[in-house]
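Visitor:
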């Protein structure tokens, strides 16, 4: 700050706040915080985009709650009313649905960018694990929210999805009953999913998000591999305001993309769920579950004496756990070396997910 | 006796000796007729497969004789009650022996009718048969003799889809019908009619065949006064409205048949809106003319239908346009069905020939139609509003983004 000019930060509201809270310390922290300016800086923005989309989810979700009524006899009608009679109701619902999908996509990109840059390595293991939990919760948000309009596609997709949970050995039957509130997908399932979607998941998600963000603030942004101890040679930019401004710019672009998607591809409601109707053709889950769904379809009925579907679910479960704890397996990253094996595994997984998703859409 | 027939009978006699030495056959009629080959064997095969054969009715039940004897002279002897091929004049009574006997028929199906013979005697066919005319239809003419199936089996000659052809066998044959001085173009007309196309082409069993209007066992031409009742069996509302209308009395006075005066009979087509009104095509103008009360009524009713049709098609077009723009039109489509329903009701109400009643129904449809047009236009406007709104929003975001970018450049 140039001498002679009054310190605006110490006037008015800021002075009042400074007298009571350590605002100055936070300001100094933000000014000192640096973001590495390297070849892959673009990937740093996806965490922020995911956070922005989550904020949109919360805001539009609250607006939807003004009109949404749960229960198999009211849910569909209330969403229809919202979309046809309420001013901008169609926009709020479309933005909510589109931002949910973009949030999952952004979270996946964020996760893989962290994986390939090995940003999960010591000391950020817990940041990675909390991030993984947030991604799983985002998927759970998607699965539970999909049923809430109580339309035909959502009803049967939920039936198929919960059927898959039901075949997990040991706890499958319990989980199935817990999720459905009985043996079938009914109004009881809808009530439960509504509770999960607007109370349980947001509560857990917010707690873990706070921990995730706090860890990032405490430990700072991860530096590229091999730059440890060479911070002085590394180009950086201040987190505030330079990086935050860039974040804002990207958020504006994402907001515009959301508006375009909502206007040109409004989220359809379809037909009301009819439990007695036969399943409509081409039942498939949301795109982010497609790779698992398609993989399970490819598996033969029996593999080495085990039921194919159970073995597939167990494999996905174990693979997910290994993925979550990869910071503890990847010893070479601790030595500042990128393991080729880990990179190849990552590439294979990305290719597998993309290939199975495309196949899922082509074959259905 | 001609040589081939002699050989056949000699063969039968010989086989009878062979059979007699073994176990006696259960039905000598079947055995012999099968051995005689075509066309005799097909009779027994058809009988064995039909409703009678399946229920244990044998040849002797109709033809008499003794089917347990392989000696044809014994089996087919008058002493054994053999009557050969029944004569047409005897057939109704022969069939009625069982079919008019409630106690006998109950054992097969308690729900079966047993009044066919009584009805037949009242029919035109029955009356003429009684007078000795053996050309007229009796049971066998329609149902066949061997190979009889219940009327609900598609193989049956009296299955609804087969009835017009069965009746047409005689009634469409000019030579056969020459003595009766009645038209023979009914079948040809019927095939082109709305009823005929539905029944014969679409296989819609709800469409009437000959017997649905003329009766079957009691078949007779509908009398002048009973025509509305015949049509009213299905077209209930039209019949009720017509009975109360001013036309009922006038038609009766002028000996004009009710429904068919305007709609025709065997060749009836789907009614068109041009049938009413004041144009040259209008049937109303065959009796009415400019200046009379009927002319004004016809004009009012025709205008009412035209304006309702117009608003129906207009709202349908607008809803389609809104739908193509991805707007939610499910509620509008539902309400559009109400307008269509009103249009159908207005067309039905024409049969009252009362403009007040016609306009009452029509106005309800017009109101729904007018509201629909407004709603569909609102949806189309909403579509353009969304796009314009997006343009404005994008513009604002772009300006903000550019300003932010300039600020970032300054900071860097």
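Chains as they are written, first to last, in the numbering used here: chain A, 4 to 367; chain C, 4 to 415. We put the beta carbon where it would ideally sit given N, CA and C, even for glycine.
Give a yes or no on whether the C-beta atoms belonging to residue 193(A) and residue 339(A) are separated by under 9 Å.
Guide: Their beta carbons are not under 9 Å apart, which means residue 193(A) does not touch residue 339(A) by this criterion.
Visitor: Cβ closer than 9 Å: which chain A residues qualify as neighbours of residue 387(C)?
Guide: Correct list: empty, because the minimum Cβ distance to chain A is about 11 Å.
Visitor: For the stretch 80-98 of chain A, list every residue whose C-beta sits within 7 Å of some C-beta in chain C, in sequence order.
Guide: Residues passing the 7 Å Cβ filter: 86, 87.
Visitor: By the criterion of Cβ-Cβ separation under 9 Å, what are the contact partners of residue 400(C) in chain A?
Guide: The contacting residues are 255, 256, 258, 259, 262.
Visitor: In the DSSP assignment, find the alpha helix (DSSP H) that holds residue 44(A) and state where it starts and stops.
Guide: Run containing residue 44(A): none; DSSP gives neither H nor E here.
Visitor: At a CB-CB cut-off below 7 Å, which residues of chain A make contact with residue 393(C)?
Guide: Here the neighbours are 262, 263, 266.
Visitor: Once DSSP output is grouped into helix, strand and coil, what is the label at residue 2(A)?
Guide: Because chain A spans 4 through 367 in this model, residue 2(A) falls outside it and cannot be assessed.
Visitor: For residue 272(A), would you say it is in contact with chain C, using Cβ-to-Cβ distances shorter than 9 Å as the test?
Guide: Yes, contact with chain C.
Visitor: Identify the residues that DSSP records as bridge partners of residue 310(A): which are they?
Guide: Residue 310(A) is bridged to 305(A).
Visitor: Closest Cβ-Cβ distance between residue 333(C) and chain A: below 9 Å?
Guide: Taking Cβ atoms only, chain A reaches closer than 9 Å to residue 333(C), which makes this a yes.
Visitor: Going straight from the alpha carbon of residue 330(A) to that of residue 220(A), what length do you get?
Guide: Residue 330(A) and residue 220(A): Cα-Cα distance of roughly 20 Å.
Visitor: Report yes if the C-beta distance between residue 307(C) and residue 362(C) is below 9 Å; otherwise report no.
Guide: Closer than 9 Å, so yes.
Visitor: Would you check if there are 3 or more beta carbon pairs closer than 8 Å linking the stretch 14-24 of chain A to the stretch 82-95 of chain A?
Guide: Judged by Cβ distances under 8 Å, the stretch 14-24 of chain A makes no contact with the stretch 82-95 of chain A, as fewer than three pairs qualify.
Visitor: Rounded to whole angstroms, what is the Cα-Cα separation between residue 208(A) and residue 83(A)?
Guide: Their Cα atoms are separated by approximately 29 Å.
Visitor: Quick check on this structure: which residue in 133(C), 218(C), 217(C), 114(C) has the alpha carbon closest to the alpha carbon of residue 92(C)?
Guide: Nearest C-alpha to residue 92(C): 133(C).
Visitor: Whose C-beta lies closer than 8 Å to the C-beta of residue 62(C) among residues of the same chain, with five residues either side of it excluded?
Guide: Closer than 8 Å at the Cβ level, and outside the excluded window around residue 62(C), lie 30, 32, 33, 47, 50, 68, 70.
Visitor: Taking residue 3(C) as part of the beta strand (DSSP E), name the residues at either end of that continuous run.
Guide: There is simply no residue 3(C) to check, as chain C begins at 4 and stops at 415 in what is shown.
Visitor: Please classify residue 268(A) as buried or exposed, where buried requires at least 16 neighbouring CB atoms within 10 angstroms.
Guide: Exposed, by the Cβ-count rule.
Visitor: Around the Cβ of residue 405(C), are there at least 16 other Cβ atoms within 10 angstroms (buried) or fewer (exposed)?
Guide: Exposed: under 16 other Cβ atoms inside 10 Å.
Visitor: Around the Cβ of residue 321(C), are there at least 16 other Cβ atoms within 10 angstroms (buried) or fewer (exposed)?
Guide: Residue 321(C) should be labelled buried.
Visitor: For the candidate residues 213(C), 79(C), 248(C), 255(C), whose alpha-carbon lies nearest to that of residue 170(C)?
Guide: Considering only alpha carbons, the answer is 213(C).
Visitor: What residues match up with residue 154(A) in a beta bridge as DSSP calls it?
Guide: Partner(s): 275(A).
Visitor: Give me the chain E residues within the contact set of residue 263(C), using Cβ-Cβ distance strictly less than 7 Å, ordered along the chain.
Guide: Of the chains in the structure shown, none is chain E; the protein chains are A and C.
Visitor: So, using beta-carbon positions, are residue 311(A) and residue 302(A) closer together than 9 Å?
Guide: Yes, the pair counts as a contact, with Cβ atoms nearer than the cut-off.
Visitor: Which residues in chain C have a C-beta closer than 9 Å to the C-beta of residue 269(A)? List them in chain order.
Guide: Residues of chain C passing the Cβ test: 329, 330, 331, 389.
Visitor: I'd like the span of the alpha helix (DSSP H) that includes residue 3(C), first residue to last.
Guide: In this structure chain C extends from 4 to 415, so residue 3(C) is not present and cannot be described.
Visitor: Between the C-alpha atoms of residue 143(A) and residue 311(C), what's the straight-line distance to the nearest angstrom?
Guide: The alpha-carbon atoms of residue 143(A) and residue 311(C) are separated by roughly 52 Å.
Visitor: Apply the 10 Å Cβ neighbour rule to residue 261(C) and answer buried if 16 or more other Cβ atoms are within range, or exposed otherwise.
Guide: Buried: at least 16 other Cβ atoms inside 10 Å.
Visitor: If I follow the unbroken alpha helix (DSSP H) through residue 412(A), where does it start and stop?
Guide: A query on residue 412(A) cannot be resolved here, the shown segment of chain A reaching from 4 to 367 and no further.
Visitor: DSSP on residue 25(C), reduced to helix/strand/coil?
Guide: With a pLDDT of 46 at residue 25(C), under the threshold of 50, the modelled position of this residue cannot be trusted, and the question is left open.
Visitor: My guess is that residue 208(C) and residue 163(C) are in contact by the Cβ rule of under 8 Å, so how many angstroms apart are they, rounded?
Guide: Residue 208(C) to residue 163(C), Cβ: 5 Å. Contact.
Visitor: Could you give the distance in angstroms between the alpha-carbon of residue 54(A) and the alpha-carbon of residue 44(A)?
Guide: Distance between the alpha carbons of residue 54(A) and residue 44(A) is about 17 Å.
Visitor: Can you tell which of 157(A), 113(A), 284(A) has the C-alpha that lies nearest to the C-alpha of residue 272(A)?
Guide: Nearest option by C-alpha distance: 157(A).
Visitor: Whose Cβ in chain C lies nearer than 8 Å to the Cβ of residue 172(A)?
Guide: Those within 8 Å of residue 172(A) in chain C number zero; the least Cβ separation is about 44 Å.
Visitor: So what does DSSP say about residue 239(A), is it helix, strand or coil?
Guide: In this structure, residue 239(A) counts as strand in the three-state DSSP scheme.
Visitor: By the three-class DSSP mapping on this structure, what secondary structure does residue 20(C) have?
Guide: Residue confidence is low: residue 20(C) scores 43 on pLDDT, short of 50, so the model does not pin down where it sits. Its coordinate-derived value is still stated next. The answer is helix: DSSP assigns residue 20(C) an H, G or I state.
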